[in-house]
Amino acid sequence: MVVHHGRFAWYELMTTDIAAARTFYAKVVGWNAQDASAPGLPYTQFTAGQAPVAGLLDLPEGARKMGATPRWMGYVAVDDVAAASAQISRLGGTVYVPPTDTNIGRIAVVADPQTATLALVEGLKPGPRPAAAPEQPGHVGWHELLATDRDSAFAFYSSLFDWRKANADSTPAPDSYQMFAAGEQAIGGIFTKPATAPVPFWLLYFNVDDIDAAVAQVTANGGRILEGPIGLPDGWIARCVDPQDAMFALLGHRTRGSTATDSAIGWSASWGGISSKGRLVTKRRPL
């Protein structure tokens with residue numbers, strides 16, 4: 001699979017307990033884990049079947065002392081990581097880690113002008129990978145940005161990655177939620193976070209076969225459900241925290257209960273007292 005400029009291509013979890021994270025995500029998402037360490041860098045690779053999906057590594061002690069907490073981070077593929085980093089600076093963002101050669105390719109860790117962090121990658125290793133269907137279990141099915149200001153956030157990413165506005169089918173999304181596409185594929189949404197949310201951030205949605213079974217595994221293995229399952233017209237979502245307090249979300253179907261059929265549904269987001277509500281109009285689950 002050729003990873004095109006502007007598409008999310010890799011994901012990493014930096015955490016304080018590698019062994020616990022391996023066990024937790026194996027139970028919840030069904031991932032396998034294998035050692036992919038490089039000299040001087042212990043590194044675990046999560047796989048869905050045989051397909052590499054994400055990396056797992058220790059949160060550095062220095063970062064912990066500075067207040068960093070466990071978190072998921074998405075990597076967006078770019079044609080030239082140095083040029084993209086320079087453009088981020090020109091557009092008012094921040095480059096935390098300048099272009100650097102690593103075990104997964106040439107990367108940079110950056111933040112948008114509203115301080116939401118993400119990473120860039122050029123020449124993703126180990127090279128070509130089999131393409132995964134957008135809804136395939138174990139893969140990331142949606143990317144959601146809680147921004148300080150939705151419109152200016154979209155303008156920034158559109159300029160940087162050529163993202164464009166997208167809506168499900170021909171039905172417009174509400175003003176509070178802007179879906180975006182890379183190429184012809186809708187890959188995520190942006191909305192303005194509530195004032196009580198401390199910082200902007202990206203939330204990753206992991207595809208699962210059975211949302212109820214996955215949610216049960218979250219709580220059984222020390223995680224927490226912050227919201228959900230919430231019914232969408234063609235699926236269900238739940239927003240969660242793992243045992244080390246890294247936020248993530250689940251996206252899947254409900255096999256033991258009712259299915260959502262209404263084309264206009266209530267939508268809300270709440271994380272530990274941080275909440276926002278609106279109305280999402282759509283005809284199918286985001287891909």
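Mapping to this note's numbering: the sequence shown position 50 is 50, numbers consecutive.
Ideal Cβ placement from N, Cα and C applies to all residues, glycine included.
ask   = Straight-line CA distance for threonine 15 to arginine 164?
value = Distance between the alpha carbons of threonine 15 and arginine 164: 33 Å.
message = Report the CB separation of glycine 62 from leucine 118 in whole angstroms; it is logged as a contact under 8 Å.
response = About 21 Å; that fails the 8 Å criterion.
inquiry  = If you reduce the DSSP assignment to three classes, tell me which class glutamate 227 lands in.
reply    = Here glutamate 227 sits in strand by DSSP.
ask   = Out of His143, Asp210, Pro39, which has the shortest C-alpha to C-alpha gap to threonine 190?
value = Residue 190 is actually isoleucine in this sequence, not threonine. Among His143, Asp210, Pro39, the Cα nearest to that of isoleucine 190 belongs to His143.
Rounded separation between alanine 147 and valine 199 - CA only = Taking the straight line joining both Cα atoms gives about 8 Å.
request  = Can you give me the Cβ contacts of threonine 100 inside the same chain, cut-off strictly under 8 Å, excluding the 5 residues immediately before and after it?
outcome  = Hits under 8 Å: Arg106, Ile107, Ala108.
key: Cβ neighbours of aspartate 80 in the same chain (closer than 7 Å, five flanking residues each side left out)   = So the list reads Glu122, once near-sequence residues are dropped.
task = Check whether the Cβ atoms of valine 53 and glycine 138 sit closer than 8 Å, and answer yes or no.
result = With a cutoff of 8 Å on beta-carbon distance, valine 53 and glycine 138 are scored as near each other.
ask   = Would alanine 111 pass as a contact of glycine 92 if the rule is Cβ separation under 8 Å?
value = Cβ distance not < 8 Å, so alanine 111 and glycine 92 don't count as in contact.
Option in Leu13, Ala20, Ala48, Lys27 with minimal Cα separation from valine 215 = Minimum Cα-Cα distance from valine 215 among the listed residues Leu13, Ala20, Ala48, Lys27 corresponds to Lys27.
query = Can you give the beta carbon distance from leucine 41 to asparagine 103, rounded, assuming they're within the 8 Å contact cut?
reply = Right, the Cβ-Cβ distance comes to about 6 Å (below 8 Å), so this counts as a contact.
Valine 76 burial status per 10 Å Cβ neighbour count (16 or more: buried) = Counting Cβ neighbours within 10 Å, valine 76 comes out buried, since at least 16 surround it.
message = Buried or exposed for alanine 264, going by 16 or more other Cβ atoms inside 10 Å?
response = Bear in mind that the predicted position of alanine 264 carries a pLDDT of just 29, short of 50, making it unreliable; the figure below should be weighed with that in mind. Taking all protein chains shown into account, alanine 264 has fewer than 16 neighbouring C-beta atoms within 10 Å of its C-beta and is therefore exposed.
Cutoff 7 Å; reference isoleucine 88; Cβ partners in own chain excluding five residues on either side = Cβ within range, chain order: Val95, Val110, Leu160.
request  = Just the C-alpha distance for threonine 219 and alanine 86, rounded to the nearest angstrom, thanks.
outcome  = When the Cα atoms are used, threonine 219 and alanine 86 turn out to be separated by approximately 43 Å.
Separation of serine 176 from proline 243, as counted between CA atoms = In this structure, the alpha-carbon of proline 243 lies about 31 Å from that of serine 176.
key: N-terminal and C-terminal residue of the alpha helix (DSSP H) that glycine 252 is part of   = Counting along the chain, glycine 252 falls outside any alpha helix (DSSP H), though it belongs to the beta strand (DSSP E) covering 247 to 253.
query = From what residue to what residue does the alpha helix (DSSP H) around glutamate 61 run?
reply = 61 to 65 is the extent of the alpha helix (DSSP H) around glutamate 61.
key: Range of the contiguous beta strand (DSSP E) that encloses aspartate 210   = Per DSSP, aspartate 210 belongs to the beta strand (DSSP E) from 201 to 210.
request  = With a 10 Å radius around its C-beta and 16 neighbouring C-beta atoms as the bar for buried, classify alanine 125 as buried or exposed.
outcome  = It is worth fixing the name first, because residue 125 is lysine in this sequence and not alanine. Residue environment for lysine 125: exposed (fewer than 16 other C-beta atoms within 10 angstroms of its C-beta).
request  = Specify, as a first and last residue, the run of the beta strand (DSSP E) that alanine 54 falls within.
outcome  = Alanine 54: member of the beta strand (DSSP E) spanning 51 to 58, first to last residue.
task = Using the DSSP secondary-structure output, state which residues sit across from tryptophan 10 in a beta bridge.
result = According to DSSP, which records beta bridges pairwise, tryptophan 10 is partnered with Tyr75.
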